[in-house]
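Peer 1: Below are the structure tokens for one structure; questions will follow.
Residue numbers (the working numbering): 66 to 207.
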């Protein structure tokens, strides 16, 4: 999975530092959207957003069913200030990648995420950013 680095203006970086939830949109196998609230992390250096979830969760199953072409969107909002991160997603249970996702989640939200036995991480290689009332990040291809 390739991604871009993302230059975040200070106001946007501060917005992402807040412990907010976001909506996570995936596509079901029939093409209809599935939207659910999630907590997530975003690493601007690698352009990678991460969502931890259960392997059996609909969102993880949707991403897995979409294969390498699976596109998703994460949208964090506070009133009329919002940022949407879009990109290709993949599900992994790789222990090192899962540990990194849990570490980042714990830093952002002040507590570890739930730890069901089938915990996985959805990794999103961000390739498009949309926003309103916040400085737009700049994507730089690797």
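Where is the CB? At the ideal position from N, CA and C, for every residue including glycine.
Check whether the Cβ atoms of residue 117 and residue 181 sit closer than 7 Å, and answer yes or no.
Peer 2: As a first step, residue 117 must be located in the chain shown, where it is residue number 52. As a first step, residue 181 must be located in the chain shown, where it is residue number 116. For residue 117 and residue 181, no; Cβs fall outside 7 Å.
Peer 1: With a Cβ-Cβ cutoff of 7 Å, do residue 185 and residue 120 count as a contact?
Peer 2: Residue mapping note: residue 185 aligns to position 120 of the chain shown, counting from 1. Residue mapping note: residue 120 aligns to position 55 of the chain shown, counting from 1. A contact, by the Cβ cut-off of 7 Å.
Peer 1: Which runs of the alpha helix (DSSP H) spanning at least 4 residues fall entirely within the region 120–170, listed in chain order?
Peer 2: 123–131
Peer 1: Which residues in the same chain have their Cβ closer than 6 Å to the Cβ of residue 166, if we skip the five residues on either side of it in sequence?
Peer 2: Counting from 1 along the chain shown, the entry for residue 166 is found at position 101. Hits under 6 Å: 115, 117, 186.
Peer 1: Would you say residue 127 and residue 101 are within 7 Å of each other, going by their C-beta atoms?
Peer 2: Working through the chain shown from its first residue, we reach residue 127 at position 62. Working through the chain shown from its first residue, we reach residue 101 at position 36. No, these two residues do not count as a Cβ contact at 7 Å.
Peer 1: Please state whether DSSP places residue 190 in a helix, a strand or coil.
Peer 2: Stepping through the chain shown from its first residue, residue 190 is reached at position 125. The answer is strand: DSSP assigns residue 190 an E or B state.
Peer 1: Pick from 195, 71, 72, 93: whose alpha carbon is nearest that of residue 145?
Peer 2: To locate residue 145, count along the chain shown from 1; it is residue 80. Ranked by Cα distance from residue 145, the first of 195, 71, 72, 93 is 195.
Peer 1: Where does the unbroken alpha helix (DSSP H) through residue 82 begin, and where does it stop?
Peer 2: Counting from one through the chain shown, the residue named residue 82 turns up at place 17. Looking at the DSSP string, the run of the alpha helix (DSSP H) that includes residue 82 is 75–82.
Peer 1: Return the bridge partner residues of residue 102 from the DSSP annotation.
Peer 2: For the purposes of this step, residue 102 is identified with residue 37 of the chain shown, where counting begins at 1. 88, per the DSSP bridge assignment.
Peer 1: Can you give the Cα-Cα distance for residue 129 and residue 104, rounded to whole angstroms?
Peer 2: As a position in the chain shown, residue 129 is number 64, starting the count at 1. As a position in the chain shown, residue 104 is number 39, starting the count at 1. The alpha-carbon atoms of residue 129 and residue 104 are separated by roughly 19 Å.
Peer 1: Would you say residue 156 and residue 176 are within 7 Å of each other, going by their C-beta atoms?
Peer 2: Residue mapping note: residue 156 aligns to position 91 of the chain shown, counting from 1. Residue mapping note: residue 176 aligns to position 111 of the chain shown, counting from 1. Cβ atoms of residue 156 and residue 176: not closer than 7 Å.
Peer 1: Ignore the nearest five residues each way along the sequence and tell me which others in residue 94's own chain have a CB closer than 7 Å to its CB.
Peer 2: Walking along the chain shown from the start, residue 94 turns up at place 29. If we look at residue 94 and ignore the five residues flanking it on each side, its Cβ neighbours are 130.
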